[in-house]
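Engineer: This structure is in structure tokens; I'll ask about it shortly.
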Amino acid sequence: MLDQFFNAAEAEQQIYERWEDAGCFKPSMDTSAEAYAIVIPPPNVTGVLHMGHALNNTLQDILIRFARMQGKNVLWQAGTDHAGIATQMVVERQLAEAGSNESRATLGREAFVDRVWQWKEESGGKIVGQLKRLGASCDWSRLRFTMGERGAEDDQMQAAVRKVFVDLYNDGLIYRDKRLVNWDPHFQTAISDLEVEPKEVKGHYWHLRYPLADGVTYEHPVFDEEGEPAGTETRDYIVVATSRPETMLGDTGVAVHPDDERYKDLVGKHVILPIVNRRIPIVGDEYPDPEKGSGAVKITPAHDFNDFDVGKRCGLEVMNILTSIAAIVDGEEADTAAIPADYRGLDRFEARKQVVAHFEAHDLMQEIESLKIEQPFGDRSGVVIEPWLTDQWYVNAKELAKEAIAAVKDGRTRFVPENWEKTYYNWMEDIQPWCVSRQLWWGHRIPVWYGPEVFDGELNQTSASFGQVFAAETEAAAKQLALAYYQREAPDWGVKHIEVVSDWNSALGHNAFEADDNDTIALFQDEDVLDTWFSSALWPFSTLGWPGETEELNTFYPGAVLVTAFDIIFFWVARMMMQGLQFMKDIPFKDVYIHALVLDEKGQKMSKSKGNVMDPLDLIDEYGADALRFSLASQAAQGRNIRLSTKRIEGYRNFTTKLWNAAKFCQMNECANWDGPIDPSRVKEPVNQWIIGEVARTCDAIAKAIEGYRFNEASDAIYRFTWNVFCDWYLELIKPLLNGDDAEPKAETRRVAGWVLDEILKLLHPFMPFVTEELWEKLSEDGPSRDGFLMMQSWPSYDGFENAAADAEMDWVLEFVSEIRGVRGILNVPAGAKPGLAVVNGSTETKKRLQRHRDVLMRLARLDSIYTDDDVPAGAVSVVLGEATLALKVADLIDRQAEGDRLKKRIAGLEKDIGGIEKKLSNEKFLANAPPEIVEEQHQRKADWSAELIKLSDAFAQLEQL
RNA sequence: GGUCGAUUAGCUCAGCGGUAGAGCACUACAUUGACAUUGUAGGGGUCACUGGUUCGAUCCCAGUAUCGACCACCA
Numbered sequence: 002m003l004d005q006f007f008n009a010a011e012a013e014q015q016i017y018e019r020w021e022d023a024g025c026f027k028p029s030m031d032t033s034a035e036a037y038a039i040v041i042p043p044p045n046v047t048g049v050l051h052m053g054h055a056l057n058n059t060l061q062d063i064l065i066r067f068a069r070m071q072g073k074n075v076l077w078q079a080g081t082d083h084a085g086i087a088t089q090m091v092v093e094r095q096l097a098e099a100g101s102n103e104s105r106a107t108l109g110r111e112a113f114v115d116r117v118w119q120w121k122e123e124s125g126g127k128i129v130g131q132l133k134r135l136g137a138s139c140d141w142s143r144l145r146f147t148m149g150e151r152g153a154e155d156d157q158m159q160a161a162v163r164k165v166f167v168d169l170y171n172d173g174l175i176y177r178d179k180r181l182v183n184w185d186p187h188f189q190t191a192i193s194d195l196e197v198e199p200k201e202v203k204g205h206y207w208h209l210r211y212p213l214a215d216g217v218t219y220e221h222p223v224f225d226e227e228g229e230p231a232g233t234e235t236r237d238y239i240v241v242a243t244s245r246p247e248t249m250l251g252d253t254g255v256a257v258h259p260d261d262e263r264y265k266d267l268v269g270k271h272v273i274l275p276i277v278n279r280r281i282p283i284v285g286d287e288y289p290d291p292e293k294g295s296g297a298v299k300i301t302p303a304h305d306f307n308d309f310d311v312g313k314r315c316g317l318e319v320m321n322i323l324t325s326i327a328a329i330v331d332g333e334e335a336d337t338a339a340i341p342a343d344y345r346g347l348d349r350f351e352a353r354k355q356v357v358a359h360f361e362a363h364d365l366m367q368e369i370e371s372l373k374i375e376q377p378f379g380d381r382s383g384v385v386i387e388p389w390l391t392d393q394w395y396v397n398a399k400e401l402a403k404e405a406i407a408a409v410k411d412g413r414t415r416f417v418p419e420n421w422e423k424t425y426y427n428w429m430e431d432i433q434p435w436c437v438s439r440q441l442w443w444g445h446r447i448p449v450w451y452g453p454e455v456f457d458g459e460l461n462q463t464s465a466s467f468g469q470v471f472a473a474e475t476e477a478a479a480k481q482l483a484l485a486y487y488q489r490e491a492p493d494w495g496v497k498h499i500e501v502v503s504d505w506n507s508a509l510g511h512n513a514f515e516a517d518d519n520d521t522i523a524l525f526q527d528e529d530v531l532d533t534w535f536s537s538a539l540w541p542f543s544t545l546g547w548p549g550e551t552e553e554l555n556t557f558y559p560g561a562v563l564v565t566a567f568d569i570i571f572f573w574v575a576r577m578m579m580q581g582l583q584f585m586k587d588i589p590f591k592d593v594y595i596h597a598l599v600l601d602e603k604g605q606k607m608s609k610s611k612g613n614v615m616d617p618l619d620l621i622d623e624y625g626a627d628a629l630r631f632s633l634a635s636q637a638a639q640g641r642n643i644r645l646s647t648k649r650i651e652g653y654r655n656f657t658t659k660l661w662n663a664a665k666f667c668q669m670n671e672c673a674n675w676d677g678p679i680d681p682s683r684v685k686e687p688v689n690q691w692i693i694g695e696v697a698r699t700c701d702a703i704a705k706a707i708e709g710y711r712f713n714e715a716s717d718a719i720y721r722f723t724w725n726v727f728c729d730w731y732l733e734l735i736k737p738l739l740n741g742d743d744a745e746p747k748a749e750t751r752r753v754a755g756w757v758l759d760e761i762l763k764l765l766h767p768f769m770p771f772v773t774e775e776l777w778e779k780l781s782e783d784g785p786s787r788d789g790f791l792m793m794q795s796w797p798s799y800d801g802f803e804n805a806a807a808d809a810e811m812d813w814v815l816e817f818v819s820e821i822r823g824v825r826g827i828l829n830v831p832a833g834a835k836p837g838l839a840v841v842n843g844s845t846e847t848k849k850r851l852q853r854h855r856d857v858l859m860r861l862a863r864l865d866s867i868y869t870d871d872d873v874p875a876g877a878v879s880v881v882l883g884e885a886t887l888a889l890k891v892a893d894l895i896d897r898q899a900e901g902d903r904l905k906k907r908i909a910g911l912e913k914d915i916g917g918i919e920k921k922l923s924n925e926k927f928l929a930n931a932p933p934e935i936v937e938e939q940h941q942r943k944a945d946w947s948a949e950l951i952k953l954s955d956a957f958a959q960l961e962q963l
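Counted from 1, the first sequence has number 764 at position 763 by the working numbering; the numbering is strictly sequential.
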């Protein structure tokens, strides 16, 4: 016998292990079956499961389990992501916290990367274990990692990344460029636009006076207190505003709009830049907006994206004044910029204070404005990002985007919900070059080796130029390329060997070529690694064995659907589209289902700093994985975020208990279906015929909803059927049959009830895999053993299982009971009281139904007797059911006042409704334009309501006479 | 500034061109009955506002207001 409750904590782990041991998660590789594949959005390998993962993987698991039960050849490709910056950050922090003297710098690259691998191995299994606790039925035997395997020669995942890079390079779609990047001074790496988070912070605009050179002055308009023009004043300076005053050290010009009357004549003149005392030009450019600020803009081409463009147009110098940690430069660059000694090496914020102080001290500060300003922050480091001029590798995203846009436009890939397509287009159509190099150590090293450049057969030794690029998938291939190159381009050198050295400095020494006997050229590999998303972009095919040609690749590419949240449409989805189309010549997935974000109860994003994080594992411990999953699925309506509350999860935990107890009831009553499929045409009892049809309808609704990614509708359908139809009605309705002595209906009912329970387990399984599997197994203990796991059962299909006559009859029974219960409630008839009931004016059909369901009606409506009569007995309470009046004989039990109120209220309601319909039916336009079935419906409704009105009015009149 | 979304019961949210729904909360009643992690019943809504289309609008369209998200910009 089943226990009182489902013990999730005990059962879940065991069940999961049995599934996995039995190989249930592996694809059938049945070639006759339709292939269905989903690649998991790989979580950070060292991360922990959060609510977003829980939702994301619950939805995928529902799709996967559903497809598996449908007999498809199903692969849920599992894997984890190396998460470059995030993981490197964690390990660096660990080193710092360990308190030893070790740091990234002291360890050096190799040892540090080793540490990260070590950390990956220690913690990398954790998230996988957590996904298992959620019930995710991924094929773990195919687990992949974006970085491949540690130290493995010829690792396929790494080979995929290198091949993509090299192929794109050879096609001119990857190139090296010197331009401003978003520089993260904390990690000392470039980051992509997407990794920059603009945040509003308190700041200032400092309005600075730059003195005009050569004694120039101009007339600047002034305004009085009311803002009215009040003539002009003569100025020997020009005012510019900035939120980053320290950048003035790198100013190489001041721009004004060429049509700006105030400054027109100043174009071509110069200012003397304070502090550094450099003479810089005033230029005319369209960029400054005369309406904003003073209308004059300081131009710092090396440290501002807009200024960079202005500088380019106006031929201004680009003068770098910041180091990689965003301190003011020292040495050669500082000399060039004429930076005074007391600024050199200063942190940017210290320098800011000092600059401000200088301006104030020298009467050069026009105004300090305090306001909120938007500043760019690194999403991982949390420090202010500086635009910085560096050499980086870029992917020509614009070119790759063309096909990726086309694939969505022509419907090869479809977004669900559709409106995300627009977001995708908006971004794709204005896509910027993708900076893919990162100055990190943890990641795929860029497969590029540099050698000395050759000009006219001569080695270019000026500034030690190593501009010759050899992009190759292996070091050996790079060497080959280089050898061929130098022998071809510089035959005089007599190069015979290529050597790879660790860095630029060693290469410089090797390639000195001072002695004629040097026949070796040294190359060194690019120090940088690739953006994590570069490898993630290949995920749909790299995980399946590409660049090899594998059976899995042939079978499972493209995938059926990608399930993800909108926040990585740009990071990931768009890039998978681009790379998939480029390298597989086909879309990576047919559908992209974009689900909601999971927020806390108040609609806030969960974050550690807010302290409102809900840990899915805690919730699983408390309520069971099934309850959490169901809660997430039931709220996964398209286009809205999920506010998660424990109340709701608790409710679905109760649902598992309800199901469990229903199963226990079936077990106690020997309700089981050991005889396989049921033949509805041989089922005789209306209640059984009806419930079979309800199962069929529910199954259909669930399947349609899942196929349309309407998870909330699907979970709703199975919930309602299980609780409100099966438990609340069916089990109550069959109790008399089960307790009765009539052998044949009893046997039929036992079998049908058992069958329905089995079907519920199947239909519910994708949502609540654990409790359903547990029940499937526990219930099997009483009978012949069943054919394997529930999760491997076929998704049911019911054709011709519905029975309209049974439905009509049972609807009548349900309404009968509901009406009587309702009137009892309103009139406060004590639950223990069992009045008699007269059925007046019942048709033959009604009388038959009364006969068949007498026991059930008396039981559920709590009646003492049911009989037919010609008139409503005096003092009885009338309820209208179809053509009949149900007269509850409760005269001495009820509150007459309450009954009068009830009737009045109902009568008034009916009169109002009938009035509305009459108005409609007298409207000729309605009759002319509305579809006939609607008109007919209105007529029918009017007739029904009018009949009821008459009966209730009679009843009211009678009550008054008493 | 651009784009997208939201506004429905006390709360959280579904839904829909033809009688307004769920869960939770609330109220009353029930207790050794599969289940109190329960059952039965009930109260509660001008579907943000203003126009338009329509025989009919909570639903479609336009506008307004409020809230939110994303993108861009910010001297």
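Positions of the beta carbon are idealized from the N, C-alpha and C atoms, including for glycine.
The structure presented is a predicted model; accordingly, all values stated were derived computationally and were not measured.
1. Less than 9 Å between the beta carbons of Ile-239 and Val-257, yes or no?
2. Quick check: what's the CA-CA separation for Glu-515 versus Asp-290?
3. Nearest-angstrom Cα distance between Asp-743 and Pro-737?
4. Ends of the alpha helix (DSSP H) at Asp-120?
5. Would you mind giving the Cβ-Cβ distance between Ala-597 and Arg-641, rounded to the nearest angstrom? I have them listed as a contact below 8 Å.
6. With distances taken between CB atoms, is the gap from Asp-532 to Ser-438 smaller than 9 Å?
7. Counting only the same chain and skipping the five closest in sequence on each side, list residues whose C-beta sits under 8 Å from that of Ser-464.
8. With DSSP as the reference, label Ala-516 as helix, strand or coil.
9. For Glu-760, which residues from the same chain have a beta carbon less than 8 Å from its beta carbon, with the 5 sequence-adjacent residues on both sides left out?
10. Work out the CA separation of Met-792 and Thr-475 for me, nearest whole Å.
11. Please say whether Val-319 and Val-255 have beta carbons closer to each other than 9 Å?
12. Give the C-beta separation of Glu-247 and Val-356 to the nearest angstrom, bearing in mind that I take them to be a contact with Cβ-Cβ under 8 Å.
13. Between which two residues does the alpha helix (DSSP H) harbouring Pro-770 extend?
14. Span of the beta strand (DSSP E) holding Trp-184?
15. Using DSSP with H/G/I as helix, E/B as strand and the rest coil, what is Thr-337?
16. Once DSSP output is grouped into helix, strand and coil, what is the label at Gln-15?
17. Answer yes if the region 700-715 comes into contact with the region 833-841, meaning at least three C-beta pairs across the two stretches below 8 Å, and no otherwise.
18. How many angstroms separate the CA atom of Trp-724 from the CA atom of Ile-39?
19. Between the C-alpha atoms of Gly-801 and Ile-693, what's the straight-line distance to the nearest angstrom?
20. Looking at the secondary structure, which residues open and close the beta strand (DSSP E) in which Ile-281 lies?
21. Ignore the nearest five residues each way along the sequence and tell me which others in Arg-143's own chain have a CB closer than 7 Å to its CB.
22. Identify, in the order they occur along the chain, each residue of the same chain with its Cβ nearer than 8 Å to the Cβ of Ala-634, setting aside the five sequence neighbours on each side.
23. When you compare each of Trp-443, Ile-821, Glu-810, Trp-394 to Gln-852 by their alpha carbons, which one comes out closest?
24. Going by CA-CA distance only, name the one from Ile-867, Ala-191, Asp-431, Ala-483 that's closest to Ile-326.
25. Can you check DSSP and say which residues form a bridge with Phe-590?
26. Can you name the start and end residues of the beta strand (DSSP E) that Lys-890 belongs to?
27. Short of 8 Å in beta carbon distance, which residues of its chain neighbour Tyr-264, apart from the five on each side in sequence? Order them along the chain.
28. Determine the direct distance from the alpha carbon of Leu-828 to that of Asp-896, and round the result to whole angstroms.
29. In terms of residue numbering, what span does the alpha helix (DSSP H) encompassing Ala-479 cover?
30. Which residue marks the beginning of the beta strand (DSSP E) containing His-208, and which one marks its end?
31. Helix, strand or coil for Gly-581 per DSSP?
32. Taking 9 Å as the threshold (C-beta atoms), are Phe-722 and Ala-663 in contact?
33. Considering only C-alpha positions, which residue in the set Gln-71, Asp-266, His-304 is nearest to Gly-31?
34. When you compare the CB positions of Ala-242 and Glu-154, do they come within less than 9 Å of one another, or not?
35. What do you reckon, are the CB atoms on Val-182 and Pro-453 nearer than 9 Å?
Structural biologist: In brief:
1. Taking the first residue of the first sequence as 1, we reach residue 239 at position 238. Taking the first residue of the first sequence as 1, we reach residue 257 at position 256. Yes. Within cutoff.
2. In the first sequence, residue 515 corresponds to position 514, counting from 1. In the first sequence, residue 290 corresponds to position 289, counting from 1. Any reading at Glu-515 is ruled out, since the residue's pLDDT is 48, under 50, leaving its predicted position unreliable.
3. In the first sequence, the residue the question calls residue 743 occupies position 742. In the first sequence, the residue the question calls residue 737 occupies position 736. When rounded, the distance between both Cα atoms is 10 Å.
4. As a first step, residue 120 is located in the first sequence; it is residue number 119 there, counting from the start. Looking at the sequence shown, residue 120 is not Asp but Trp. Where Trp-120 is concerned, the enclosing alpha helix (DSSP H) stretches over 105-135.
5. By 1-based counting over the first sequence, the position of residue 597 is 596. By 1-based counting over the first sequence, the position of residue 641 is 640. Correct: roughly 6 Å between the Cβ atoms.
6. For the purposes of this step, residue 532 is taken as the residue at position 531 of the first sequence. For the purposes of this step, residue 438 is taken as the residue at position 437 of the first sequence. Yes. Within cutoff.
7. Counting from one through the first sequence, the residue named residue 464 turns up at place 463. Here the model assigns Ser-464 a pLDDT of 43, short of 50, so the residue's position is not dependable, and the following value carries that caveat. So the list is empty, once near-sequence residues are dropped.
8. Counting from 1 along the first sequence, the entry for residue 516 is found at position 515. For Ala-516, the pLDDT reaches just 45, beneath the cut-off of 50, and the residue's location in the model is therefore unreliable, although a value from the coordinates is still provided. Ala-516 falls in the coil class under three-state DSSP.
9. Taking the first residue of the first sequence as 1, we reach residue 760 at position 759. So the list reads Val-696, Cys-700, Pro-797, once near-sequence residues are dropped.
10. Mapped onto the first sequence, residue 475 falls at position 474. Mapped onto the first sequence, residue 792 falls at position 791. Rounded to whole angstroms, Thr-475 to Met-792 spans 45 Å at the Cα level.
11. Here the question's residue 255 lines up with position 254 in the first sequence. Here the question's residue 319 lines up with position 318 in the first sequence. Against a cut-off of 9 Å, the Cβ pair of Val-319 and Val-255 comes out as no contact.
12. For the purposes of this step, residue 247 is identified with residue 246 of the first sequence, where counting begins at 1. For the purposes of this step, residue 356 is identified with residue 355 of the first sequence, where counting begins at 1. Glu-247 to Val-356, Cβ: 5 Å. Contact.
13. Along the first sequence, read from residue 1 onward, the residue named residue 770 stands at position 769. Pro-770 -> alpha helix (DSSP H) spans 770-781.
14. Taking the first residue of the first sequence as position 1, residue 184 is located at position 183. It spans 175-185 - the beta strand (DSSP E) in which Trp-184 sits, taken as one unbroken run.
15. Here residue 337 corresponds to residue number 336 of the first sequence, with the count starting at 1. Secondary structure at Thr-337: helix, using DSSP grouped into helix, strand and coil.
16. Position 14 of the first sequence, counted from the start, is the residue given in the question as residue 15. Note: Gln-15 maps to helix in three-state DSSP.
17. Touching, no, given that fewer than three Cβ pairs across the two stretches are closer than 8 Å.
18. On the first sequence, position 723 is the one that residue 724 refers to. On the first sequence, position 38 is the one that residue 39 refers to. Their Cα atoms are separated by approximately 32 Å.
19. Locating residue 801 in the first sequence gives position 800, counting from the first residue. Locating residue 693 in the first sequence gives position 692, counting from the first residue. For the pair Gly-801 and Ile-693, the Cα-to-Cα distance works out to about 10 Å.
20. Sequence index remark: in the first sequence, residue 281 carries index 280 (1-based). From DSSP, the beta strand (DSSP E) with Ile-281 extends over 279-285.
21. Locating residue 143 in the first sequence gives position 142, where the first residue counts as 1. Same-chain partners within the cutoff: Gln-78, Ala-79.
22. Taking the first sequence and counting its residues from 1, the one referred to as residue 634 is at position 633. So the list reads Thr-59, Leu-60, Ile-63, Phe-712, Asn-713, Ala-715, Ser-716, Phe-768, once near-sequence residues are dropped.
23. For this step, residue 852 is matched to residue 851 along the first sequence. When C-alpha distances from Gln-852 are compared across Trp-443, Ile-821, Glu-810, Trp-394, the shortest belongs to Glu-810.
24. Taking the first sequence and counting its residues from 1, the one referred to as residue 326 is at position 325. The option with the nearest alpha carbon to Ile-326 is Ala-191.
25. As a first step, residue 590 must be located in the first sequence, where it is residue number 589. Among the bridge pairs identified by DSSP, Phe-590 is matched with Gly-560.
26. The residue you call residue 890 lines up with position 889 of the first sequence. Here the beta strand (DSSP E) through Lys-890 covers 885-890.
27. Looking up residue 264 in the first sequence gives position 263. Cβ neighbours of Tyr-264 beyond the five flanking positions: Tyr-219, Ile-239, Val-257, His-258, Ile-283, Gly-296, Ala-297.
28. Translated into positions along the first sequence, residue 896 becomes position 895. Translated into positions along the first sequence, residue 828 becomes position 827. Taking the straight line from one Cα to the other gives about 6 Å.
29. As a working note, residue 479 is residue 478 in the first sequence. Per DSSP, Ala-479 belongs to the alpha helix (DSSP H) from 476-490.
30. One-based indexing of the first sequence puts residue 208 at position 207. First-last of the beta strand (DSSP E) with His-208: 197-212.
31. For this step, residue 581 is matched to residue 580 along the first sequence. DSSP places Gly-581 in helix when its eight states are reduced to three.
32. As a working note, residue 663 is residue 662 in the first sequence. As a working note, residue 722 is residue 721 in the first sequence. Contact: no.
33. To locate residue 31, count along the first sequence from 1; it is residue 30. It is worth fixing the name first, because residue 31 is Asp in this sequence and not Gly. That would be Gln-71, whose Cα lies nearest to the Cα of Asp-31.
34. Counting from 1 along the first sequence, the entry for residue 242 is found at position 241. Counting from 1 along the first sequence, the entry for residue 154 is found at position 153. No; because the gap between Cβ atoms is not below 9 Å, this pair is not in contact.
35. As a working note, residue 182 is residue 181 in the first sequence. As a working note, residue 453 is residue 452 in the first sequence. Taking 9 Å as the Cβ cut-off, Val-182 and Pro-453 do not qualify as a contacting pair.
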